[in-house]
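Respectively, the protein sequence lines represent chains C and S. Okay, so the first sequence: first residue is 1 according to my numbering, each after it adds one. Okay, so the second sequence: first residue is 1001 according to my numbering, each after it adds one. Ideal Cβ placement from N, Cα and C applies to all residues, glycine included. Because the structure is a prediction, the values reported are computed rather than measured. See below for the structure under consideration.
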Amino acid sequence: ILNVEQSPQSLHVQEGDSTNFTCSFPSSNFYALHWYRWETAKSPEALFVMTLNGDEKKKGRISATLNTKEGYSYLYIKGSQPEDSATYLCAPGNTDKLIFGTGTRLQVFP
Amino acid sequence: DTAVSQTPKYLVTQMGNDKSIKCEQNLGHDTMYWYKQDSKKFLKIMFSYNNKELIINETVPNRFSPKSPDKAHLNLHINSLELGDSAVYFCASSLRGGRNTGELFFGEGSRLTVL
């Protein structure tokens, strides 16, 4: 069973704070790293798909980095807003399928 | 228009019954998936079809049988339901499958409760 770990499990921040989460995964047989945003009562929505070591992607206030050699990815949110409250899932691709972590649950208080 | 739609959203049934969950995508994607969200909130892949052909079949009891009549539809049929089958089942699609998959587009989930 492949071990995908996301930390922290949950996070409470004030509006305006910047925050980051970690996704750790086995580096062997890796082919891609996906980040998804999952709001309560909705379905997961893709944020980023990264494949190359050193990749950095940005969407508005959210950005992500990828280190395939050591097997980790960081997701950063700058100036968190209440609407950023959601669970953030990472899913490394290994061999032929994505393996989802349990996510980091972020709550942003006004 | 909903890109990936699943029906029903909620399903409550008795142990031993047979039930189906339907999924349709209007994105023109080649690949569709069924995921199960288990009690620990993990999304675990069950099946994947690429253009109606089964390409991923995880260790799932053979009471679960996927059917893909065309590449826009992937239905999940479950025979002889057990208490442990209670979960939220998510359908998803992607432009391509395997190592070249792009982002996944998920349906809203179908919550199955077995009594």
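(request) Identify each residue in the stretch 92 to 106 of chain C for which the Cβ-Cβ distance to at least one residue of chain S is less than 9 Å, and report them in chain order. (result) G93, T95, D96, K97, L98, I99, F100, G101, T102, G103
(request) Take Q1014 of chain S and list the residues in its own chain whose beta-carbon comes closer than 8 Å to its own, dropping the five residues that flank it on each side. (result) L1081, V1114, L1115
(request) Answer with yes or no whether the minimum CB distance from A32 of chain C to chain S is below 9 Å. (result) yes
(message) Pop quiz: G71 of chain C and L89 of chain C are said to be a contact at Cβ under 8 Å. What is the actual Cβ separation, rounded to whole angstroms?
(response) Rounded, the Cβ-Cβ distance is 17 Å, inconsistent with contact.
(message) Is F1106 of chain S close to chain C? Criterion is C-beta to C-beta, closer than 9 Å.
(response) yes
(message) Strictly below 8 Å CB to CB, what residues from chain S border S43 of chain C?
(response) V1004, F1090, F1106, G1107, E1108, G1109
(message) Contact criterion: CB-CB distance below 9 Å. Does Y46 of chain C meet it with respect to chain S?
(response) Note that residue 46 of chain C corresponds to Ala in the displayed sequence, not to Tyr. True, the Cβ-Cβ gap to chain S drops below 9 Å.
(message) Rounded to the nearest angstrom, what separates P26 of chain C and N3 of chain C at their Cα positions?
(response) One C-alpha to the other measures close to 7 Å.
(request) Please say whether V108 of chain C and Q81 of chain C have beta carbons closer to each other than 9 Å? (result) Yes, they are a contact pair.
(request) Look at the alpha carbon of W38 of chain C and the alpha carbon of A46 of chain C, and state the distance between them as a whole number of angstroms. (result) 9 Å
(message) Just to check my reading of the structure: S1048 of chain S and I1056 of chain S have Cβ atoms closer than 8 Å, yes? What is that Cβ distance to the nearest angstrom?
(response) Taking a contact as a CB-CB distance under 8 Å, the pair S1048 of chain S and I1056 of chain S counts as one, their CB atoms being some 4 Å apart.
(message) Along the chain, where does the beta strand (DSSP E) containing Q1006 of chain S start, and where does it finish?
(response) 1004 to 1007
(request) Give the DSSP bridge partners of I62 of chain C, in chain order. (result) Beta bridge pairing from DSSP links I62 of chain C with C:K59, C:I77.
(request) Provide the residue(s) that pair with K1040 of chain S in DSSP beta bridges, ordered along the chain. (result) In the DSSP assignment, K1040 of chain S forms no beta bridge with any residue.
(request) Could you say which of C:G79, C:L75, C:N53, C:R61 lies nearest to T68 of chain C if we only look at CA atoms? (result) C:N53
(message) Measuring alpha carbon to alpha carbon, tell me which residue in C:G103, C:D84, C:A41, C:N94 is nearest Y31 of chain C.
(response) C:N94
(message) Quick check for students: name the residue ranges of the beta strand (DSSP E) that lie wholly in the stretch 1011 to 1083 of chain S, counting only runs of 3 or more.
(response) 1019 to 1025, 1031 to 1037, 1043 to 1050, 1053 to 1057, 1064 to 1070, 1073 to 1078
(request) For P8 of chain C, I'd like the list of residues in its chain whose CB is within less than 8 Å of its CB, leaving aside the five on either flank, ordered along the chain. (result) F21, T104
(message) Beta-carbon within less than 6 Å of T65 of chain C's beta-carbon, same chain only, minus the 5 sequence neighbours each way: which residues are those?
(response) E56, Y74
(message) On a Cα-Cα basis, can you pick out the residue from S:I1078, S:G1097, S:Q1006 that is closest to S43 of chain C?
(response) S:Q1006
(message) Out of C:S10, C:S18, C:D96, which one is the CA nearest neighbour of I62 of chain C?
(response) C:S18
(request) Check the Cβ-Cβ distances between R1096 of chain S and every residue of chain C, and say whether any is below 9 Å. (result) no
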